[in-house]
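Following the numbering used here, the numbering of the sequence shown begins with 18 at its first residue and continues without gaps. For glycine and all other residues, C-beta sits at the position ideal for the given N, C-alpha and C. A short worksheet on the structure shown next.
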Amino acid sequence: MVFSCLDEDTILDMCNHKEEQSYLKGEIINHEGEKITDFKYLKTGLVKLFRSSSDGNEQVVAITRPFEFVSNMSIFSGEKYRYSVAALEDSVVCSVKLGFIRDLLLKNGGFAMELLTRISSINEKIISQALDIRQKNLTGRVAYVLLYFEKEIYNSRIFDIPVSRKEIADYIGMSTANVIRTLSDFKRDGIIRVFGKTIEIIDIKKLEIIALRG
Numbered sequence: 018m019v020f021s022c023l024d025e026d027t028i029l030d031m032c033n034h035k036e037e038q039s040y041l042k043g044e045i046i047n048h049e050g051e052k053i054t055d056f057k058y059l060k061t062g063l064v065k066l067f068r069s070s071s072d073g074n075e076q077v078v079a080i081t082r083p084f085e086f087v088s089n090m091s092i093f094s095g096e097k098y099r100y101s102v103a104a105l106e107d108s109v110v111c112s113v114k115l116g117f118i119r120d121l122l123l124k125n126g127g128f129a130m131e132l133l134t135r136i137s138s139i140n141e142k143i144i145s146q147a148l149d150i151r152q153k154n155l156t157g158r159v160a161y162v163l164l165y166f167e168k169e170i171y172n173s174r175i176f177d178i179p180v181s182r183k184e185i186a187d188y189i190g191m192s193t194a195n196v197i198r199t200l201s202d203f204k205r206d207g208i209i210r211v212f213g214k215t216i217e218i219i220d221i222k223k224l225e226i227i228a229l230r231g
């Protein structure tokens with residue numbers, strides 16, 4: 018973890034500069050265009066990173082879990098957030114004043130390297146996922162997303178989808194109708210069971226083949 022390279026005194030000092038805030042499902046954690054004043058990371062919960070298009074729709078860039086620094090992708094390259102972040106589940110976010118973090122980066126090379134490596138890794142993951150998705154056909158994209166929730170987010174074959182069908186469609190670059198139809202096809206073929214927002218993956222091998230070949 019990024020903070021593991023800090024000594025006890027520095028960690029205590031950081032705790033004095035840290036605030037925790039709870040967000041209910043659906044609440045905005047930060048808005049695109051807002052001035053960046055804090056270094057934020059997700060302690061518990063689940064969030065989506067998105068941008069608003071000119072027609073008022075949302076473009077979902079990433080869905081991420083705790084301890085990924087999704088709201089800080091642009092803290093060293095600009096003064097304003099380039100993306101919005103919203104809670105997909107009830108979440109807790111830790112905030113540290115940006116000035117404190119910048120001072121710490123100048124004083125502690127190990128921490129600077131760990132933090133920059135972590136942010137770079139997350140950026141690469143987001144880009145890689147976007148490229149992987151765009152290379153697949155419709156069924157492959159939906160299968161990819163279901164496996165992402167199963168393996169990366171919930172570590173369970175039964176889970177509640179934290180986003181709407183429309184948000185899935187925005188994320189994978191397809192229409193909502195196509196996403197709904199594909200989920201219905203997976204259900205008909207015995208690959209998944211669907212109970213409202215709850216998904217159960219029945220045939221994970223087949224789903225993995227579809228995601229790989231799609």
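Practice problem: With DSSP as the reference, label residue 98 as helix, strand or coil. | Solution: DSSP places residue 98 in coil when its eight states are reduced to three.
Quiz prompt | Whole-angstrom distance between residue 216 and residue 174, CA atom to CA atom | solution = Approximately 8 Å between the Cα atoms of the pair.
Exercise. Answer yes if the segment 73–86 comes into contact with the segment 121–140, meaning at least three C-beta pairs across the two stretches below 8 Å, and no otherwise.
Key: The segment 121–140 makes contact with the segment 73–86: 3 or more CB pairs, one atom from each, lie closer than 8 Å.
Quiz prompt | According to DSSP, residues forming a beta bridge with residue 56 | solution = BP columns for residue 56 point to 113.
Quiz prompt | Closest residue to residue 19 among 97, 135, 80 (Cα-Cα distance) | solution = When each option's Cα is compared against that of residue 19, the closest is 135.
Quiz prompt | Sheet register partners of residue 47 (DSSP bridge) | solution = DSSP, once it has assigned bridges, lists 102 as partnering residue 47.
Exercise. Reducing DSSP to helix, strand and coil, say where residue 124 ends up.
Key: DSSP, reduced to helix, strand and coil, places residue 124 within a helical segment of the structure shown.
Quiz item: Can you name the start and end residues of the beta strand (DSSP E) that residue 177 belongs to?
Solution: Segment 175–177, the beta strand (DSSP E) holding residue 177.
Quiz item: My guess is that residue 98 and residue 68 are in contact by the Cβ rule of under 8 Å, so how many angstroms apart are they, rounded?
Solution: In fact, because the Cβ distance is near 10 Å, the residues do not count as touching under 8 Å.
Exercise. Indicate the three-state DSSP secondary structure (helix, strand or coil) for residue 212 in the structure shown.
Key: Note: residue 212 maps to strand in three-state DSSP.
Quiz item: Whose C-alpha, out of 230, 222, 214, is nearest the C-alpha of residue 181?
Solution: Looking at the Cα atoms, 214 is the closest of the given residues.
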